[in-house]
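Below is one structure; the comments refer to it alone.
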């Protein structure tokens with residue numbers, strides 16, 4: 008019960024903090040003081056109190072976009088284990104539902120973008136669905152490897168099964184998996200080198216382009232949902248990359264929170280030292296990730 | 324006689340009555356002079372037949388009663404005329420009857436007799452005949468009876484598809500269809516001749532009785548794959564499919580795509596059931612064909628600009644997914660891994676039912692859109708969700724369902740295929756099957772691109788043409804069948820148990836699985852948890868939606884034009900079109916999709932007006948088959964010298980042939 012309460016509080020409260028840490032890291036690299044860690048929370052509160060501007064061309068789809076996206080992300084967040092703790096809801100095959108819930112949210116985000124009738128947002132929507140379509144096989148190769156290792160088809164078992172021992176026995180494939188999943192994490196959350204979440208006005212962008220016409224609470228939902236998606240996928244990544252176990256429940260929660268903070272710092276470092284890729288290079292990197300996770304699967308199935 | 328009737332007999336009688344009703348539904352219309360009445364009478368009969376047929380078919384499946392054979396004691400040269408309805412047949416009959424009834428109702432508003440006086444009789448008569456013939460194919464237990472019903476089905480579909488026969492596109496589509504279907508039928512002739520050769524009867528052999536020895540079995544199975552597979556539209560044999568589905572009236576496309584393709588799948592499934600064990604190569608072959616069809620079908624679909632052609636190509640994808648399930652199941656049966664067989668077959672059968680719900684929904688929706696905008700080109704549409712507020716959510720439901728997104732029904736079928744692949748990766752000796760999962764994921768990803776493009780270009784944004792700007796909502800007779808399909812999609816998606824209940828009898832009887840395996844499969848897929856999460860997803864959407872609406876009502880709101888990227892005079896034509904939306908994906912899947920670009924070459928100052936053309940081409944038909952057929956035609960032109968219209972020479976040919984045959988016999 009305590010674990011469930013902690014799970015939901017972390018899911019609901021922690022995601023914007025990651026954005027704050029990423030921002031602070033980037034500021035440190037740039038030699039700036041940077042916005043406070045809690046700035047994303049202030050932004051969200053302010054957005055929720057603001058009025059909205061709707062385009063004349065939009066319909067109910069435009070309003071449904073952020074709502075469905077947030078709902079689907081929340082449901083997905085109940086399926087994913089945090090740290091060494093099983094998810095509140097877990098059953099056979101939940102990993103497929105997990106993957107498809109993000110598909111549902113993507114459908115509605117891109118539909119909302121197309122609803123504005125702007126060529127700019129249409130372009131972002133096209134890029135988003137094309138790139139995420141290339142990410143799907145990577146995710147499923149990784150899921151198969153995890154299922155094979157843990158002999159289970161539930162996300163909770165598959166991810167809490169990993170332990171430091173696995174890094175010793177199946178180190179090569181774990182390394183490949185971590186590489187592939189990190190690329191997936193950056194691509195799915197539209198971070199550098201795939202997309203720059205801080206610019207809104209350049210023609211090489213993906214996610215931020217789509218949400219250009221959203222304002223007020225709807226934009227707040229989108230930012231919050233995006234942060235939660237980063238948190239959820241990050242939690243999966245950390246479970247594989249850093250399977251540290253303390254033995255006590257509370258200790259595991261501590262390890263998890265520290266791990267997520269480290270991940271945010273890592274993303275911040277990557278964003279500081281890399282430039283955004285040219286658009287035509289993105290599919291190549293995504294396919295490279297697919298190949299990495301396919302090799303990881305081969306090593307495990309063999 | 325009636326005293327000795329069992330419940331199964333009543334159910335079978337209900338199905339037969341429904342078939343007869345469908346068959347004769349168009350007859351009164353042929354003799355009624357006044358336009359419109361024939362169509363109305365036929366629709367009434369079709370609705371009664373559909374209710375009766377769907378009801379009895381569902382009951383047959385649910386009660387699990389495998390009806391014994393019913394013998395029609397006709398003394399025909401090919402032996403007794405036997406019909407029967409086991410769970411497998413009944414499973415195919417459910418979507419058949421349901422779609423026939425719904426499409427008949429739709430036709431009243433879509434193709435009203437008043438506006439199409441010439442084609443009304445033809446369309447009404449052959450529509451009922453098509454449904455009846457398809458049902459007969461599924462019920463037949465005799466090769467020749469099946470072939471007769473098959474030919475009636477194929478020809479009815481041809482006449483329905485060429486309803487608009489003055490259009491050259493329709494003529495070409497009809498010709499390609501006719502040739503493709505008859506090449507398929509030719510393969511079926513060989514198939515049933517071979518079967519007769521082994522069993523000495525045209526009656527179907529007892530299930531699981533033939534030995535899968537190489538030789539005859541190979542010929543039988545390969546001809547079945549060609550003959551039935553051509554009708555199902557698997558990848559190398561799909562060439563007739565996109566143009567036929569695109570050029571038929573929309574409710575006929577819905578029938579052809581939602582139901583008739585499955586009759587081909589049924590044929591393959593039935594033929595394989597004759598053998599005691601499927602040969603090892605068959606499962607892998609069907610799996611590979613399925614994978615190729617799924618991937619290339621959806622890649623082709625993503626590049627299409629014609630709404631119905633896009634839906635037709637996506638049918639190739641869905642047939643591919645069905646074949647992936649069937650292939651998994653056959654491999655499971657062959658290698659004696661019953662759980663894999665159970666997962667594969669369940670996924671295959673559930674996807675058959677699912678596709679028969681959402682594909683007609685999408686085709687009927689496409690019909691409504693074409694009806695009101697007068698074009699099939701999605702790049703000329705846009706902004707229709709304002710003008711068609713009822714059609715838009717129905718079409719959205721169909722699009723979500725076909726992408727396999729929860730909480731709609733497409734997800735349930737794919738779930739079983741994924742679990743089969745994953746289970747196999749965990750435990751069994753064939754981990755190569757695990758590759759099915761990433762493949763399905765990739766196909767699902769392209770499906771999302773395709774259907775966001777379709778829905779977004781048609782319904783969202785602002786209208787790209789005056790016709791789209793003045794579109795109007797279709798009448799109730801068109802909306803009601805679509806709503807019914809959408810409702811079924813939602814209910815089946817949220818309560819996956821209902822779908823599972825419909826398919827398990829067929830799965831168990833087909834693969835001869837003990838109940839323990841079925842129970843094991845059912846218990847390892849906690850559909851109740853999926854239902855719970857689907858419901859909580861819907862509730863959460865509702866809750867957040869209500870919260871959001873209340874919030875926006877309180878806060879100030881303004882309406883303005885979409886930001887035009889700084890252009891002073893943005894127009895609707897500057898929107899992203901469907902073509903531009905999918906262009907990036909098409910480039911990535913270039914091996915499957917051939918695109919022809921004819922760009923202007925501009926030179927010098929003040930160049931003349933130029934035009935840029937971007938079209939996807941039908942590569943297999945245009946580049947492979949038509950040249951081959953032309954070469955064959957050239958070769959046969961020498962034979963044509965024998966045919967010159969002189970009757971006495973023809974009589975000589977007949978006499979010579981008879982003479983040679985009689986000499987050969989003795």
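Chains as they are written, first to last, in my numbering: chain A, 8 to 309; chain B, 324 to 989. Even glycine gets a Cβ: it sits at the ideal position worked out from N, Cα and C.
Helix, strand or coil at residue i according to DSSP, with G and I counted as helix
{"i": "residue 848 of chain B", "result": "coil"}
{"i": "residue 625 of chain B", "result": "helix"}
{"i": "residue 325 of chain B", "result": "Residue confidence is low: residue 325 of chain B scores 49 on pLDDT, short of 50, so the model does not pin down where it sits. Its coordinate-derived value is still stated next. Here residue 325 of chain B sits in helix by DSSP."}
{"i": "residue 674 of chain B", "result": "helix"}
{"i": "residue 345 of chain B", "result": "helix"}
{"i": "residue 465 of chain B", "result": "strand"}
{"i": "residue 931 of chain B", "result": "coil"}
{"i": "residue 61 of chain A", "result": "strand"}
{"i": "residue 486 of chain B", "result": "coil"}
Closer than 8 Å at the beta carbon, the chain A residues around residue i
{"i": "residue 911 of chain B", "result": "137, 141 and 290"}
{"i": "residue 874 of chain B", "result": "55 and 224"}
{"i": "residue 817 of chain B", "result": "Those do not exist, as residue 817 of chain B stays about 13 Å from chain A at its closest Cβ, beyond 8 Å."}
{"i": "residue 775 of chain B", "result": "114, 117, 118, 121, 132 and 136"}
Cβ-based burial, residue i [other Cβ within 10 Å; buried from 16]
{"i": "residue 968 of chain B", "result": "exposed"}
{"i": "residue 113 of chain A", "result": "buried"}
{"i": "residue 221 of chain A", "result": "buried"}
{"i": "residue 260 of chain A", "result": "buried"}
{"i": "residue 621 of chain B", "result": "buried"}
{"i": "residue 429 of chain B", "result": "buried"}
{"i": "residue 385 of chain B", "result": "exposed"}
{"i": "residue 957 of chain B", "result": "exposed"}
{"i": "residue 22 of chain A", "result": "buried"}
{"i": "residue 1050 of chain B", "result": "Residue 1050 of chain B lies beyond the stretch modelled for chain B, which goes from 324 to 989, so this question has no answer here."}
{"i": "residue 754 of chain B", "result": "buried"}
{"i": "residue 876 of chain B", "result": "exposed"}
{"i": "residue 134 of chain A", "result": "buried"}
Distance between residue j and residue i (C-alpha atoms, nearest Å)
{"i": "residue 219 of chain A", "j": "residue 812 of chain B", "result": "33 Å"}
{"i": "residue 324 of chain B", "j": "residue 989 of chain B", "result": "With a pLDDT of only 41 at residue 324 of chain B, under the threshold of 50, the placement of this residue in the model should not be trusted, and no figure is reported."}
{"i": "residue 827 of chain B", "j": "residue 669 of chain B", "result": "7 Å"}
{"i": "residue 741 of chain B", "j": "residue 693 of chain B", "result": "36 Å"}
{"i": "residue 590 of chain B", "j": "residue 250 of chain A", "result": "52 Å"}
{"i": "residue 167 of chain A", "j": "residue 152 of chain A", "result": "14 Å"}
{"i": "residue 230 of chain A", "j": "residue 79 of chain A", "result": "14 Å"}
{"i": "residue 837 of chain B", "j": "residue 831 of chain B", "result": "7 Å"}
{"i": "residue 350 of chain B", "j": "residue 365 of chain B", "result": "8 Å"}
{"i": "residue 739 of chain B", "j": "residue 538 of chain B", "result": "34 Å"}
{"i": "residue 170 of chain A", "j": "residue 15 of chain A", "result": "24 Å"}
{"i": "residue 569 of chain B", "j": "residue 582 of chain B", "result": "16 Å"}
{"i": "residue 951 of chain B", "j": "residue 65 of chain A", "result": "51 Å"}
{"i": "residue 223 of chain A", "j": "residue 123 of chain A", "result": "16 Å"}
{"i": "residue 269 of chain A", "j": "residue 735 of chain B", "result": "38 Å"}
{"i": "residue 773 of chain B", "j": "residue 625 of chain B", "result": "5 Å"}
{"i": "residue 56 of chain A", "j": "residue 96 of chain A", "result": "33 Å"}
{"i": "residue 843 of chain B", "j": "residue 666 of chain B", "result": "11 Å"}
{"i": "residue 329 of chain B", "j": "residue 336 of chain B", "result": "11 Å"}
{"i": "residue 406 of chain B", "j": "residue 399 of chain B", "result": "15 Å"}
Proximal chain B residues relative to residue i, where beta-carbon distance stays under 7 Å
{"i": "residue 154 of chain A", "result": "745, 748 and 749"}
{"i": "residue 179 of chain A", "result": "None at all; the shortest Cβ gap to chain B is about 18 Å."}
{"i": "residue 107 of chain A", "result": "727, 728, 729 and 734"}
Within chain B, the residues that residue i reaches when beta carbons sit closer than 8 Å
{"i": "residue 220 of chain A", "result": "885 and 886"}
Contacting positions in the region 228-249 of chain A - beta carbon closer than 9 Å to chain B: 228
Residues from the region 834-863 of chain B in contact with chain A, defined by Cβ distance under 7 Å: 847, 848, 849, 852, 853, 856, 859, 860 and 863
Members of the region 8-37 of chain A that neighbour chain B once the beta carbon cut-off is set at 9 Å: none
Proximal residues, the region 781-812 of chain B versus chain A, C-beta separation under 7 Å: 783, 784 and 785
Near-chain A residues of the region 877-900 of chain B (beta-carbon distance less than 9 Å), N- to C-terminal order: 878, 879, 880, 881, 882, 883, 884, 885, 886, 887, 888, 893, 895, 897, 898, 899 and 900
Members of the region 698-721 of chain B near chain A, C-beta cut-off 9 Å: 705, 706, 708, 709, 712, 715, 716 and 719
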